[in-house]
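Below: one structure, written as structure tokens.
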Amino acid sequence: MKNLKLFFTAACSLFLLQASAQTEAPKGFSKGKVVLLDKTTVNGLLKDQIRKNASVILLAEGKEKKYDGADIVSVEIEGVGYTCIKGDFFKEISTGELAFLQKSSNASSKPTQVGSDVLFISGTAGKIGDYFIYENKNQQLKLVSKKNLEVVVAESFAGYTPAIEKAKAAQADIARLKDAVESYNNRGGK
Numbered sequence: 181m182k183n184l185k186l187f188f189t190a191a192c193s194l195f196l197l198q199a200s201a202q203t204e205a206p207k208g209f210s211k212g213k214v215v216l217l218d219k220t221t222v223n224g225l226l227k228d229q230i231r232k233n234a235s236v237i238l239l240a241e242g243k244e245k246k247y248d249g250a251d252i253v254s255v256e257i258e259g260v261g262y263t264c265i266k267g268d269f270f271k272e273i274s275t276g277e278l279a280f281l282q283k284s285s286n287a288s289s290k291p292t293q294v295g296s297d298v299l300f301i302s303g304t305a306g307k308i309g310d311y312f313i314y315e316n317k318n319q320q321l322k323l324v325s326k327k328n329l330e331v332v333v334a335e336s337f338a339g340y341t342p343a344i345e346k347a348k349a350a351q352a353d354i355a356r357l358k359d360a361v362e363s364y365n366n367r368g369g370k
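Positions 181 to 370 (the numbering used here) are the ones given, in order, by the sequence shown.
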């Protein structure tokens with residue numbers, strides 16, 4: 181009887197250990213979702229390879245599938261959103277009519293197979309870590325630097341004074357342009 185009780189306890193412990201192991205994400209994977217080019221959303225576990233090679237690996241229903249930035253519209257990993265433009269991933273800092281983005285990948289030297297031809301995606305301007313304003317209406321991506329800040333602000337904020345004033349304060353730190361973008365997106369009478 182004692183051996184049977186010991187066997188039963190060991191079997192239950194093994195079952196519980198195996199059940200808890202199945203609910204944990206494999207190493208390197210986090211909860212997330214991918215929005216495909218046809219606007220279909222696929223939820224699953226994602227492995228972030230954005231900086232490494234401008235891609236993510238989705239684990240869903242026991243199968244892994246690699247998605248390059250050119251294959252998807254956006255991705256969310258553990259609540260952090262990324263927009264994909266011309267094969268590159270951009271971290272979403274602020275979204276709306278204007279989006280304030282930070283470049284997270286470099287797809288410019290990535291080969292792509294089209295039929296029997298191998299092409300290189302041109303990617304986007306700038307380097308990883310650079311900031312951009314993206315105008316959703318006309319799908320225009322503008323690299324923001326200290327050199328062109330005034331021009332980009334004038335073009336993007338269309339005379340909206342509160343946003344322009346906040347943008348002037350961003351001269352020393354481009355990351356502070358987020359406040360100006362949010363002010364512009366929240367303006368009344370759009």
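Each residue gets a CB set at the ideal place from its N, CA and C atoms; glycine is no exception.
Problem set entry | Segments assigned beta strand (DSSP E), at least 3 residues, entirely inside the region 224 to 269 | 235 to 240, 243 to 248, 252 to 257, 260 to 265
Problem set entry | Reference D268, options G276, F280, I308, closest by Cα | Position 88 of the sequence shown, counted from the start, is the residue given in the question as residue 268. Of the listed residues, the one whose Cα sits closest to D268 is I308.
For this session: In angstroms with no decimal places, state the Cα-to-Cα distance between N328 and N233.
Result: Reading the sequence shown from its first residue, position 148 is the one you call residue 328. Reading the sequence shown from its first residue, position 53 is the one you call residue 233. Distance between the alpha carbons of N328 and N233 is about 29 Å.
For this session: Could you check the C-alpha separation between A355 and E272 for me, to the nearest Å?
Result: Sequence index remark: in the sequence shown, residue 355 carries index 175 (1-based). Sequence index remark: in the sequence shown, residue 272 carries index 92 (1-based). The straight-line gap from Cα to Cα measures roughly 12 Å.
Exercise. How big is the Cα-Cα spacing for A201 and T220?
Worked result: On the sequence shown, position 21 is the one that residue 201 refers to. On the sequence shown, position 40 is the one that residue 220 refers to. Reliability fails at A201, whose pLDDT of 44 lies under 50, so the model's placement of it is uncertain and the value that follows must be treated cautiously. Taking the straight line joining both Cα atoms gives about 30 Å.
Problem set entry | Spatial distance of G208 from I344 (CA atoms) | In the sequence shown, residue 208 corresponds to position 28, counting from 1. In the sequence shown, residue 344 corresponds to position 164, counting from 1. Answer to the nearest angstrom: the Cα atoms are 41 Å apart.
For this session: Please go through the same chain and pick out, in chain order, the residues whose beta-carbon is closer than 6 Å to the beta-carbon of K283, but skip the five residues on each side of it.
Result: Residue mapping note: residue 283 aligns to position 103 of the sequence shown, counting from 1. Closer than 6 Å at Cβ, skipping near neighbours: F270, G306, I308, D310.
For this session: In the DSSP assignment, find the unbroken alpha helix (DSSP H) run with Y364 in it and report its ends.
Result: To locate residue 364, count along the sequence shown from 1; it is residue 184. Residues 357 to 365.
Exercise. Relative to the C-alpha of G384, which residue among L321, V260, V214, Q320 is closest?
Worked result: No answer is possible for residue 384: it lies beyond the span of the chain, which begins at 181 and ends at 370.
Exercise. CB-CB under 6 Å to G259, same chain, minus the five flanking residues each way: which ones, in chain order?
Worked result: Position 79 of the sequence shown, counting from 1, holds the residue named residue 259. Correct list: empty, nothing qualifies.
Exercise. In three-state terms, what does DSSP make of A287?
Worked result: By 1-based counting over the sequence shown, the position of residue 287 is 107. If DSSP states are grouped into helix, strand and coil, A287 belongs with coil.
For this session: Return helix, strand or coil for Q351, following the three-state DSSP convention.
Result: Translated into positions along the sequence shown, residue 351 becomes position 171. Looking at Q351 - three-state DSSP - the assignment turns out to be helix.
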